[in-house]
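These notes are about the structure you will find just below.
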Amino acid sequence: MTDTALWLAIAAIILLLFLSGFFSGSETALTAASRARMHHLEKKGDWRARVVSRLIASRERLIGALLLGNNLVNILASALATSVFLNLFGEAGVALATLVMTALVLIFAEVLPKTWAISNPEQFALRVSPVVRVVVGVFGPVVVGVEWIVRILLRLVGVNVGDDTSGLSAHEELRGAVDLQHIEGGLEKGERDRLGGLLDLAELEVSDVMVHRTNMVALNVDEEPAKLVDAALASPYTRLPLWREKSDNFVGVLHAKDLLRALHAAGGDAGKIDILDIAAPAWFVPDTTSLQDQLNAFLRHKAHFALVVDEYGEVMGLVTLEDILEEIVGEIADEHDLDLEGLRPQADGSMIVDGSVPIRDLNRAADWSLPDDEATTIAGLVIHEARMIPEERQIFTFHGFRFTVLRREKNRITRLRIMPLGPTRPVAGAEPARASAPAPS
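Sequential numbering of the sequence shown, starting at 1, is according to full-length UniProt numbering.
As structure tokens, then:
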């Protein structure tokens, strides 16, 4: 090999290593680039973002073309290097070429470009996309043939790559991204809770957030109008359900503003008011309605209040627009809301909780992960896991917590002490409840 040919071969090896690094970095950047970010840039008019989006849309062909190009230049570079080292060092040149090319490819064609690409994948992808589009176009026919061969070979071993193997829905991917951002410090707990609450709307039902019938404030329409006016003004709520003859026979919903208008029109004489004339019709919704559907229904009907019924048509409670919004933004309080103390943290790390506190509210407040699939309230969870109505001072351990029943009224658990066990947060799942004998008084 002449000196000129030797230097041309060395120059070709350097060029091929550069191309190998380009293919490696492009593959890393284009597979790591955020599709949402590219979509945003595309809407702003960046033509390179449109190219990136189209390349990512056919990811299998993109990766195949880049791998084909990468393998071609690596093999050619190794062959040239072997020829150069054989010419310089004789038979020992094969071993030397292997060692040198391994180091060069590893550093300059793999680690360096991939590290550079992963540090800012969107910008890297935008810069290389015009060239990569040409590469995919040139190698496209070969890649199609390779894909066909690969699919046949995989089908022979029982793998059908045509199946939709994605196990995550769009909501689950978003939830995972939100949780990851919170862990990495990109989102505060309140921001994570609000985004998580928004994603949960499709999974929750109105029965999960409704005000139970036992806690409803309702008025008997058969009472004297003056008493109804006094009761409505004394209530902290703006909308009040009305019942007649039986407490489960709801005939309408009274709005405080309509009552005040009627009272003003009657010159302040409550006896002249017919409550049913100013009441709005009661709106009944099934307890299995998802919060997302109910939110859309509230917006569509321009309503804020609905009564929840079970499969037998019995009223279970009521749900308001505010109840649904609170699942997203947390507790909404105004100057007329009652201050209900349901959670009391203790110095030893435990928490005293009213039995009626919803599990979701407790999880949000304490950053716990108690399951809420089988029960809505914390008392319901204890009864479900214990398979019994516990006695006072009875202790249960499940889901990584110790539950002590502090107070019971008839068949209702009204107060508990909850102590986390261990340093890690529990996950919904699996360990059965273990009951202890009631502690001594």
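Beta carbons are placed, not taken as given, at the ideal position from N, Cα and C, and that holds for glycine.
Beta-bridge pairing of residue i - partner residues as DSSP gives them
i: ALA306; result: VAL319
i: ARG407; result: ARG415
i: GLU205; result: SER290
i: ARG37; result: None; ARG37 has no bridge partner.
i: PRO345; result: MET351
i: TRP243; result: ASN220 and PHE250
i: VAL111; result: Beta-bridge pairing links VAL111 to no other residue.
i: VAL285; result: VAL308
i: VAL211; result: LEU318
i: HIS255; result: ARG239
Alpha helix (DSSP H) segment containing residue i, residue limits
i: PHE22; result: 3-32
i: GLU191; result: 189-200
i: ARG50; result: 47-57
i: PRO236; result: Looking at the DSSP string, PRO236 is not in any alpha helix (DSSP H), and its letter there is neither H nor E.
Residue range of the beta strand (DSSP E) that includes residue i
i: MET419; result: 412-420
As assigned by DSSP and simplified to three states, the class of residue i
i: VAL357; result: coil
i: LEU276; result: helix
i: ASN220; result: strand
i: MET351; result: strand
i: TRP148; result: helix
i: VAL105; result: helix
i: GLY268; result: coil
i: TRP368; result: coil
i: VAL134; result: helix
i: THR98; result: helix
i: THR376; result: coil
i: VAL159; result: coil
i: GLY313; result: coil
i: ARG387; result: coil
i: ASP184; result: At residue 184 the sequence reads Glu, which differs from the Asp that was named. Residue state, collapsed to three classes: coil.
i: THR165; result: Residue placement at THR165 is flagged as unreliable, the pLDDT there being 49, under the threshold of 50; a coordinate-derived value is accordingly withheld.
i: ASN363; result: helix
i: ILE328; result: helix
i: GLY64; result: helix
i: LEU87; result: The question names Leu, but residue 87 is Asn in the sequence shown. The answer is helix: DSSP assigns ASN87 an H, G or I state.
i: LYS44; result: coil
i: residue 462; result: One cannot answer for residue 462 here, as it falls past the ends of the chain, which runs 1 to 441.
i: ASN120; result: coil
Member of the options whose CA lies at the smallest distance from the CA of residue i
i: ASN87; options: ILE14, TRP7 and ILE63; result: TRP7
i: SER129; options: THR288, GLY330, ASP269 and LEU55; result: LEU55
i: PHE284; options: SER290, ALA266 and PHE305; result: PHE305
i: ILE14; options: LEU30, ALA109 and SER356; result: ALA109
i: residue 465; options: VAL157, MET419, GLY176 and LEU19; result: The shown model of the chain, from 1 to 441, leaves out residue 465, and the question about it has no answer.
i: ALA9; options: PHE298, PRO225 and ALA79; result: ALA79
i: SER58; options: ASP348, VAL144 and LYS44; result: VAL144
i: ARG364; options: GLY330, SER207 and GLY45; result: GLY330
i: ALA234; options: HIS264, GLU224, ALA256 and ASN220; result: ALA256
i: PRO225; options: LEU259, MET216 and VAL206; result: LEU259
i: GLU42; options: LEU126, LEU318 and ALA231; result: LEU126
i: LEU254; options: ASN70, LEU276, LEU263 and ALA29; result: LEU276
i: PRO236; options: GLY355, ALA218 and ASP222; result: ALA218
i: GLY25; options: VAL221, GLY190, ILE395 and GLY69; result: GLY69
i: ARG239; options: VAL319, ASP193, GLU173 and SER207; result: VAL319
i: ALA5; options: ALA81, ILE75, GLN181 and GLU191; result: ALA81
i: LEU263; options: PRO241, THR288, PHE250 and ALA232; result: ALA232
i: ASP367; options: PRO113, GLY190 and LYS227; result: GLY190
i: ARG408; options: LEU370, VAL353 and SER369; result: VAL353
i: THR31; options: SER119, SER83, THR2 and GLY93; result: SER119
i: THR289; options: ASP274, VAL308, HIS301 and ALA279; result: VAL308
Residue i beta carbon near the ligand NAD (any heavy atom closer than 7 Å)
i: ILE273; result: For the ligand NAD, the structure offers nothing, since it holds no ligand at all.
Short CB-CB distance (under 8 Å) between residue i and chain C
i: LEU106; result: Although the question refers to chain C, the structure presented lacks it and comprises just one protein chain.
**Study point:** Touch test, the region 96-104 against the region 33-46, Cβ-Cβ under 8 Å, three pairs minimum
**Key:** In short, these stretches do not touch, since the Cβ pair count stays below three.
Point to revise | Any 3 or more C-beta pairs closer than 8 Å across the region 410-417 and the region 238-249 | key: Because the criterion of three Cβ pairs below 8 Å is not met, the region 410-417 and the region 238-249 do not touch.
Check your understanding: Should the region 60-67 be called in touch with the region 132-143, which here means at least 3 C-beta pairs below 8 Å?
Key -> Output reads yes: the region 132-143 touches the region 60-67.
Check your understanding: Can we say the region 256-268 touches the region 289-301, given the rule of at least three CB pairs closer than 8 Å?
Key -> In this structure the region 256-268 does not touch the region 289-301; the number of beta carbon pairs closer than 8 Å is below three.
Review point. Quick one: any contact between the region 196-215 and the region 308-326, if contact means 3 or more CB pairs under 8 Å?
Key: Remark: three or more beta-carbon pairs, one from each stretch, lie closer than 8 Å, so the region 196-215 and the region 308-326 are flagged as touching.
**Study point:** the region 41-51 touching the region 103-120, judged by at least three CB pairs closer than 8 Å
**Key:** Result no; under three Cβ-Cβ pairs closer than 8 Å.
Review point. How do the region 352-361 and the region 377-396 stand: do at least 3 beta-carbon pairs fall below 8 Å, yes or no?
Key: Touching, yes, given that three or more Cβ pairs across the two stretches are closer than 8 Å.
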